[in-house]
Ligand code: SF4
């Protein structure tokens, strides 16, 4: 598996926000989202080939049962199932972060953290935009992921007009437990995060969806490896 980085931090988003976790970032993502904060992990070669045993040795330095497999897009990485199986242990909690663009069965995953992409993520480059938009909402894959795993749906909200597409998306995925849906502000900096959080918090109060923080932006201003 090509590993982009391994680091220990607080889970920044979703229902486990604030939990000390080990992040294993896999290399490779075909999506090219406009506001992606991990562009350095897009290339499938953006890292070092490491065996599961090497990764196990590296993560044994950290004192937490929570492991987050992230990317990039882990679900498009060849050998993901075997890799996650090698990391899984009784008492260990594994989250897999994905855009939900494809489905893999049988993963030992305690939380499938799905972030369906809205049109606000479409790249500006016209060629990349066509490819991105063809992939970004895979209804069948999303449905199967939600059926097969405990999940959360995390929507990145850039502007109030994103709420209609989110509602449409949820209608197509229905039934969805509202407890499993959270909205989080799109923000490249702490200042942008704080500004957008104000109106997004009000939106959450009106809609009943949870507000997800992005602690990596709020605490560390989006520095990589944190
Ligand atoms: S799916 Fe995630 S990792 Fe891939 S480009 Fe989009 S935000 Fe970045």
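In the numbering used here, the protein residues as written are 35 to 260.
Glycine included, C-beta positions come from ideal geometry on N, C-alpha and C.
These figures come from a predicted structure and were not determined experimentally.
Residue j and residue i - do their beta-carbons sit closer together than 8 angstroms?
i	j	result
residue 106	residue 63	yes
residue 47	residue 248	yes
residue 113	residue 175	no
residue 125	residue 99	yes
residue 184	residue 211	no
residue 217	residue 237	yes
residue 36	residue 82	yes
residue 60	residue 101	no
residue 215	residue 149	no
residue 223	residue 74	no
residue 68	residue 156	yes
residue 130	residue 121	no
residue 234	residue 245	yes
residue 93	residue 128	no
residue 43	residue 230	no
residue 256	residue 97	no
When the Cα atoms are used, what is the spatial distance from residue i to residue j?
i	j	result
residue 252	residue 151	22 angstroms
residue 39	residue 203	32 angstroms
residue 167	residue 153	8 angstroms
residue 232	residue 177	32 angstroms
residue 80	residue 123	28 angstroms
residue 77	residue 201	32 angstroms
residue 213	residue 182	17 angstroms
residue 239	residue 116	41 angstroms
residue 20	residue 110	One cannot answer for residue 20 here, as it falls past the ends of the chain, which runs 35 to 260.
residue 45	residue 90	19 angstroms
residue 242	residue 54	27 angstroms
residue 108	residue 165	18 angstroms
residue 49	residue 180	16 angstroms
residue 159	residue 84	33 angstroms
residue 147	residue 51	12 angstroms
residue 199	residue 205	10 angstroms
residue 161	residue 225	32 angstroms
residue 254	residue 173	34 angstroms
Any heavy atom of the ligand SF4 within a distance shorter than 7 angstroms of the CB on residue i?
i	result
residue 67	yes
residue 107	yes
residue 287	The requested residue 287 is not part of the displayed model; the chain covers only 35 to 260.
residue 72	yes
residue 63	yes
residue 155	yes
Can you list the beta strand (DSSP E) stretches of 3 or more residues lying completely in the segment 38 to 123, in chain order? 54 to 60 and 100 to 104
Can you list, in chain order, the stretches of the beta strand (DSSP E) that have 3 or more residues and sit fully within the segment 148 to 219? 185 to 191 and 215 to 219
What runs of the alpha helix (DSSP H), each 4 residues or longer, lie entirely inside the segment 217 to 256? 224 to 241 and 249 to 254
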